[in-house]
Amino acid sequence: NGPAKGLENPRQAVRNVVAGGADAILTTPGMAKATADQLRGRGLIIGLDAEDDTSDYGVEASLRFGADAVELKVFPGNPDDTKLADLRRLAARCDKWGMPLLGEPIPVSFLDTSAHTLANIAQASRIAAEIGCDFLKVHYAGPVDAYATQVLGPLSIPLLCLGGPSKPDPRDALQLCFDAMQSGASGIVFGRNIVCAEDPARMCEALAEIIHGGATVDQAIKHLSTHH
5 NGPAKGLENP RQAVRNVVAG GADAILTTPG MAKATADQLR GRGLIIGLDA EDDTSDYGVE
65 ASLRFGADAV ELKVFPGNPD DTKLADLRRL AARCDKWGMP LLGEPIPVSF LDTSAHTLAN
125 IAQASRIAAE IGCDFLKVHY AGPVDAYATQ VLGPLSIPLL CLGGPSKPDP RDALQLCFDA
185 MQSGASGIVF GRNIVCAEDP ARMCEALAEI IHGGATVDQA IKHLSTHH
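Set out below in C-alpha coordinates:
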(Lines of atoms letter the chains of each structure in order from A and count residues from 1; the text may use other names and numbers.)
(Lines give C-alpha, C1' and ligand atoms only; values in the text may rest on other atoms or scores of the structure.)
Protein backbone atom coordinates (compact mmCIF):
# COMPACT_ATOMS: atom_id res chain seq x y z
CA ASN A 1 0.00 0.00 0.00
CA GLY A 2 3.01 2.31 0.19
CA PRO A 3 3.92 4.59 3.08
CA ALA A 4 1.22 6.04 5.31
CA LYS A 5 0.02 9.54 4.50
CA GLY A 6 2.43 12.05 5.97
CA LEU A 7 5.31 9.56 6.02
CA GLU A 8 6.17 9.57 2.30
CA ASN A 9 9.31 11.48 3.29
CA PRO A 10 10.24 10.23 6.78
CA ARG A 11 13.06 12.75 7.25
CA GLN A 12 10.72 15.64 6.46
CA ALA A 13 8.08 14.16 8.78
CA VAL A 14 10.58 14.13 11.66
CA ARG A 15 11.74 17.66 10.79
CA ASN A 16 8.11 18.83 10.95
CA VAL A 17 7.39 17.42 14.40
CA VAL A 18 10.74 18.57 15.79
CA ALA A 19 9.99 22.08 14.48
CA GLY A 20 6.60 21.88 16.20
CA GLY A 21 8.16 21.14 19.57
CA ALA A 22 7.61 17.39 20.00
CA ASP A 23 9.40 16.12 23.11
CA ALA A 24 10.23 12.74 21.59
CA ILE A 25 9.71 10.57 18.51
CA LEU A 26 8.41 6.97 18.61
CA THR A 27 9.51 5.04 15.54
CA THR A 28 10.86 1.76 14.16
CA PRO A 29 14.55 0.73 14.24
CA GLY A 30 14.90 1.32 10.48
CA MET A 31 13.24 4.72 10.61
CA ALA A 32 15.38 5.66 13.62
CA LYS A 33 18.51 4.96 11.57
CA ALA A 34 17.21 6.96 8.61
CA THR A 35 16.16 10.02 10.62
CA ALA A 36 18.61 10.11 13.57
CA ASP A 37 20.33 13.29 12.36
CA GLN A 38 16.99 15.13 12.24
CA LEU A 39 16.11 14.63 15.93
CA ARG A 40 18.05 17.67 17.19
CA GLY A 41 18.20 16.47 20.76
CA ARG A 42 14.59 15.26 21.01
CA GLY A 43 13.93 11.98 22.78
CA LEU A 44 13.92 8.76 20.76
CA ILE A 45 11.70 5.78 21.57
CA ILE A 46 12.15 2.70 19.39
CA GLY A 47 9.19 0.37 18.85
CA LEU A 48 10.19 -3.29 18.97
CA ASP A 49 7.67 -5.46 17.10
CA ALA A 50 9.42 -8.44 15.55
CA GLU A 51 10.09 -11.36 17.88
CA ASP A 52 13.87 -11.05 17.61
CA ASP A 53 13.64 -7.37 18.58
CA THR A 54 12.72 -8.41 22.12
CA SER A 55 16.03 -10.24 22.48
CA ASP A 56 19.13 -8.68 24.02
CA TYR A 57 20.08 -7.64 20.48
CA GLY A 58 16.99 -5.43 20.20
CA VAL A 59 17.72 -3.57 23.43
CA GLU A 60 21.45 -3.32 22.72
CA ALA A 61 20.84 -2.11 19.15
CA SER A 62 18.38 0.49 20.45
CA LEU A 63 21.03 1.73 22.90
CA ARG A 64 23.48 2.04 20.00
CA PHE A 65 20.92 4.14 18.10
CA GLY A 66 20.85 6.44 21.12
CA ALA A 67 17.30 5.45 22.11
CA ASP A 68 15.94 6.86 25.36
CA ALA A 69 13.38 4.03 25.67
CA VAL A 70 11.96 1.04 23.79
CA GLU A 71 8.29 0.19 23.25
CA LEU A 72 6.31 -3.01 22.81
CA LYS A 73 2.61 -3.51 22.01
CA VAL A 74 0.69 -6.25 23.82
CA PHE A 75 -2.94 -7.32 23.61
CA PRO A 76 -4.32 -8.35 27.02
CA GLY A 77 -7.60 -10.24 26.70
CA ASN A 78 -6.70 -11.69 23.30
CA PRO A 79 -6.47 -15.51 23.60
CA ASP A 80 -4.17 -15.69 20.54
CA ASP A 81 -1.66 -13.16 21.85
CA THR A 82 1.67 -14.41 23.17
CA LYS A 83 3.23 -10.99 23.55
CA LEU A 84 2.69 -10.75 27.31
CA ALA A 85 5.47 -13.33 27.66
CA ASP A 86 7.58 -11.22 25.28
CA LEU A 87 6.90 -8.16 27.42
CA ARG A 88 8.04 -9.99 30.57
CA ARG A 89 11.29 -11.01 28.88
CA LEU A 90 11.79 -7.52 27.46
CA ALA A 91 11.18 -5.94 30.88
CA ALA A 92 13.95 -8.12 32.35
CA ARG A 93 16.34 -7.24 29.52
CA CYS A 94 15.55 -3.54 29.79
CA ASP A 95 16.25 -3.77 33.51
CA LYS A 96 19.61 -5.38 32.80
CA TRP A 97 20.60 -2.64 30.34
CA GLY A 98 19.05 0.27 32.23
CA MET A 99 16.69 0.97 29.31
CA PRO A 100 13.26 2.46 30.12
CA LEU A 101 10.36 0.40 28.75
CA LEU A 102 7.18 1.89 27.29
CA GLY A 103 4.37 -0.66 27.33
CA GLU A 104 1.46 -0.30 24.93
CA PRO A 105 -1.32 -2.59 26.20
CA ILE A 106 -4.23 -2.66 23.72
CA PRO A 107 -7.33 -4.50 25.00
CA VAL A 108 -7.93 -7.53 22.69
CA SER A 109 -6.85 -5.89 19.38
CA PHE A 110 -6.55 -2.59 17.52
CA LEU A 111 -9.53 -3.45 15.33
CA ASP A 112 -11.92 -4.55 18.08
CA THR A 113 -12.73 -1.04 19.27
CA SER A 114 -15.72 -2.35 21.25
CA ALA A 115 -13.14 -3.86 23.64
CA HIS A 116 -11.53 -0.48 24.34
CA THR A 117 -13.74 0.21 27.34
CA LEU A 118 -12.72 2.06 30.48
CA ALA A 119 -12.66 -1.19 32.49
CA ASN A 120 -10.57 -3.04 29.87
CA ILE A 121 -8.13 -0.13 29.49
CA ALA A 122 -7.72 -0.04 33.28
CA GLN A 123 -7.11 -3.79 33.46
CA ALA A 124 -4.67 -3.79 30.51
CA SER A 125 -2.76 -0.87 32.04
CA ARG A 126 -2.48 -2.62 35.39
CA ILE A 127 -1.22 -5.83 33.75
CA ALA A 128 1.50 -3.96 31.82
CA ALA A 129 2.52 -2.00 34.93
CA GLU A 130 2.77 -5.19 37.01
CA ILE A 131 4.95 -6.83 34.35
CA GLY A 132 7.47 -4.04 34.87
CA CYS A 133 6.90 -1.29 32.29
CA ASP A 134 8.31 2.11 33.27
CA PHE A 135 5.56 4.06 31.51
CA LEU A 136 2.51 3.28 29.38
CA LYS A 137 0.87 4.29 26.11
CA VAL A 138 -2.86 3.50 26.21
CA HIS A 139 -6.26 4.46 24.84
CA TYR A 140 -8.22 7.30 26.39
CA ALA A 141 -11.91 6.77 27.15
CA GLY A 142 -13.99 9.38 28.94
CA PRO A 143 -15.38 10.75 31.09
CA VAL A 144 -12.36 12.52 32.56
CA ASP A 145 -13.09 11.81 36.23
CA ALA A 146 -13.81 8.11 35.63
CA TYR A 147 -10.56 7.73 33.65
CA ALA A 148 -8.65 9.48 36.44
CA THR A 149 -10.11 7.17 39.07
CA GLN A 150 -10.24 3.82 37.28
CA VAL A 151 -7.23 3.93 34.95
CA LEU A 152 -4.75 6.36 36.50
CA GLY A 153 -5.73 5.87 40.15
CA PRO A 154 -4.17 2.41 40.64
CA LEU A 155 -1.00 3.23 38.65
CA SER A 156 2.29 4.46 40.08
CA ILE A 157 3.94 5.00 36.67
CA PRO A 158 3.36 7.74 34.06
CA LEU A 159 0.67 7.18 31.45
CA LEU A 160 0.54 8.66 27.94
CA CYS A 161 -2.63 8.54 25.82
CA LEU A 162 -2.54 7.38 22.20
CA GLY A 163 -4.33 9.20 19.41
CA GLY A 164 -5.68 6.32 17.33
CA PRO A 165 -6.94 6.83 13.75
CA SER A 166 -6.60 10.24 12.14
CA LYS A 167 -9.56 12.43 13.07
CA PRO A 168 -11.06 14.43 10.17
CA ASP A 169 -11.56 17.46 12.45
CA PRO A 170 -8.32 18.50 14.22
CA ARG A 171 -10.41 19.93 17.07
CA ASP A 172 -11.31 16.34 18.02
CA ALA A 173 -7.62 15.43 18.35
CA LEU A 174 -6.99 18.53 20.49
CA GLN A 175 -10.03 17.68 22.63
CA LEU A 176 -8.73 14.15 23.20
CA CYS A 177 -5.38 15.59 24.29
CA PHE A 178 -7.07 18.13 26.59
CA ASP A 179 -9.30 15.49 28.21
CA ALA A 180 -6.35 13.14 28.70
CA MET A 181 -4.34 15.87 30.43
CA GLN A 182 -7.33 16.86 32.58
CA SER A 183 -7.60 13.25 33.75
CA GLY A 184 -3.99 13.30 34.97
CA ALA A 185 -2.17 11.70 32.02
CA SER A 186 1.49 12.74 31.69
CA GLY A 187 1.17 13.41 27.96
CA ILE A 188 0.17 11.89 24.64
CA VAL A 189 1.68 9.77 21.87
CA PHE A 190 0.02 10.85 18.61
CA GLY A 191 1.02 9.53 15.19
CA ARG A 192 -1.52 9.91 12.40
CA ASN A 193 -3.25 12.86 14.08
CA ILE A 194 0.01 14.77 13.69
CA VAL A 195 1.66 13.47 10.51
CA CYS A 196 -1.62 13.45 8.55
CA ALA A 197 -2.53 16.96 9.72
CA GLU A 198 -2.64 19.78 7.19
CA ASP A 199 0.37 21.34 8.95
CA PRO A 200 2.09 18.79 11.24
CA ALA A 201 4.41 21.37 12.84
CA ARG A 202 1.49 23.60 13.83
CA MET A 203 -0.48 20.62 15.09
CA CYS A 204 2.48 19.78 17.35
CA GLU A 205 2.57 23.38 18.56
CA ALA A 206 -1.14 23.27 19.38
CA LEU A 207 -0.80 20.01 21.30
CA ALA A 208 2.27 21.31 23.16
CA GLU A 209 0.25 24.37 24.24
CA ILE A 210 -2.26 22.05 25.90
CA ILE A 211 0.34 19.73 27.45
CA HIS A 212 2.99 22.22 28.56
CA GLY A 213 1.09 25.49 28.51
CA GLY A 214 -2.20 24.42 30.07
CA ALA A 215 -4.14 25.84 27.11
CA THR A 216 -7.79 25.12 26.39
CA VAL A 217 -8.83 23.62 23.05
CA ASP A 218 -10.04 27.05 21.88
CA GLN A 219 -6.68 28.61 22.74
CA ALA A 220 -4.64 25.78 21.22
CA ILE A 221 -6.58 25.64 17.95
CA LYS A 222 -5.39 29.17 17.14
CA HIS A 223 -2.01 27.60 16.32
CA LEU A 224 -3.66 25.94 13.32
CA SER A 225 -4.77 29.25 11.87
CA THR A 226 -2.61 30.56 9.04
CA HIS A 227 -2.67 33.96 10.71
CA HIS A 228 -1.19 32.69 13.98
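Heads up, the sequence shown is in the numbering used here, so the first residue is 5 and it goes up one at a time. Using N, Cα and C, we set each Cβ at its ideal position, and we do this for glycine too.
Exposed or buried, Ala184, counting other C-beta atoms within 10 Å across all chains shown (16 or more means buried)? Mapped onto the sequence shown, residue 184 falls at position 180. Looking at its Cβ environment, which holds 16 or more other Cβ atoms inside 10 Å, Ala184 is buried.
Could you pull the DSSP bridge partners for Cys165 from this structure? Counting from one through the sequence shown, the residue named residue 165 turns up at place 161. Answer is Val142, Ile192.
Would you mind giving the Cβ-Cβ distance between Lys100 and Phe69, rounded to the nearest angstrom? I have them listed as a contact below 8 Å. Within the sequence shown, the letter at position 96 stands for residue 100. Within the sequence shown, the letter at position 65 stands for residue 69. Their Cβ separation, rounded to whole angstroms, is 18 Å, which puts Lys100 and Phe69 out of contact at 8 Å.
In its own chain, which residues sit with a C-beta less than 8 Å from the C-beta of Thr190, not counting the 5 before and 5 after it? Residue numbering aside, residue 190 sits at position 186 when the sequence shown is read from its first letter. Position check: residue 190 holds Ser in this sequence, whereas Thr was assumed. Here the set comprises Phe139, Pro162, Leu163, Leu164.
Give the range of the beta strand (DSSP E) segment to which Glu321 is assigned. Missing from the structure shown is residue 321; the chain here goes from 5 to 232 and no further.
According to DSSP, is Phe114 helix, strand or coil? Looking up residue 114 in the sequence shown gives position 110. DSSP places Phe114 in coil when its eight states are reduced to three.
Hey, would you say Gly81 sits closer than 9 Å to Gln127, going by beta carbons? Your numbering for residue 81 matches position 77 in the sequence shown. Your numbering for residue 127 matches position 123 in the sequence shown. The answer is yes: Cβ separation under 9 Å.
Nearest to Arg19 by CA position, among Arg206, Val221, Thr86, is which residue? Here the question's residue 19 lines up with position 15 in the sequence shown. Among Arg206, Val221, Thr86, the Cα nearest to that of Arg19 is on Arg206.
Out of Gly25, Ala201, Ser66, point me to the one whose CA is closest to Arg175's CA. Mapped onto the sequence shown, residue 175 falls at position 171. That would be Ala201, whose Cα lies nearest to the Cα of Arg175.
Cβ-based neighbour list, Cys208, same chain, cut-off 7 Å, excluding 5 preceding and 5 following: If you number the sequence shown from 1, residue 208 lands on position 204. Cβ within range, chain order: Val21, Gly24, Gly25, Ala26, Ile198.
Do Leu122 and Leu75 have their beta-carbon atoms positioned less than 9 Å apart in this structure? Start at 1 with the first residue of the sequence shown, and residue 75 comes out as number 71. Start at 1 with the first residue of the sequence shown, and residue 122 comes out as number 118. Checking the sequence, you will find Glu at residue 75 rather than Leu. Their beta carbons are not under 9 Å apart, which means Glu75 does not touch Leu122 by this criterion.
Residue nearest to Ala145 in terms of C-alpha spacing, selected from Gln186, Ile135, Ala132: The residue labelled residue 145 in the question sits at position 141 within the sequence shown. It is Gln186 whose Cα lies nearest to the Cα of Ala145.
Residue nearest to Lys141 in terms of C-alpha spacing, selected from Leu30, Leu178, Glu12, Gln223: Taking the sequence shown and counting its residues from 1, the one referred to as residue 141 is at position 137. Answer by Cα proximity: Leu30.
Sorted by chain position, which residues of the same chain lie with C-beta nearer than 6 Å to Ser66's C-beta, five sequence neighbours on each side aside? By one-based count along the sequence shown, residue 66 stands at place 62. Here the set comprises Ile50, Val74.
Using the C-alpha atoms, what's the distance from Gly62 back to Pro33? Here residue 33 is taken as the residue at index 29 of the sequence shown, counted from 1. Here residue 62 is taken as the residue at index 58 of the sequence shown, counted from 1. Spanning the two alpha carbons is a distance of roughly 9 Å.
Taking buried to mean at least 16 other C-beta atoms within 10 Å of its own C-beta, is Asn124 buried or exposed? Within the sequence shown, the letter at position 120 stands for residue 124. By the neighbour-count rule (16 or more Cβ atoms within 10 Å), Asn124 is buried.
Reduced DSSP category for Thr31 - H, G, I as helix; E, B as strand; rest coil: Here residue 31 refers to the residue found at position 27 of the sequence shown. Thr31 falls in the strand class under three-state DSSP.
Between Cys181 and Leu211, which are expected to be in contact by the criterion C-beta below 8 Å, what is the C-beta distance as a whole number of angstroms? On the sequence shown, position 177 is the one that residue 181 refers to. On the sequence shown, position 207 is the one that residue 211 refers to. At roughly 5 Å, the Cβ-Cβ gap stays under 8 Å, so Cys181 and Leu211 are in contact.
Taking 7 Å as the limit between beta carbons, can you name the residues of its chain near Val112, skipping five residues before and five after? Residue 112 sits at position 108 when you count from the first residue of the sequence shown. Hits under 7 Å: Phe79, Gly81, Asn82, Ala119.
Check the C-beta distance from Val193 over to Leu166 and give it rounded, since I have them as a contact under 8 Å. Position 189 of the sequence shown, counting from 1, holds the residue named residue 193. Position 162 of the sequence shown, counting from 1, holds the residue named residue 166. 5 Å between Cβ atoms; contact.
Nearest neighbour of Leu88, chosen from Thr220, Asp203, Ile110, Arg44 [CA to CA]: Stepping through the sequence shown from its first residue, residue 88 is reached at position 84. Of the candidates Thr220, Asp203, Ile110, Arg44, the one whose C-alpha sits nearest the C-alpha of Leu88 is Ile110.
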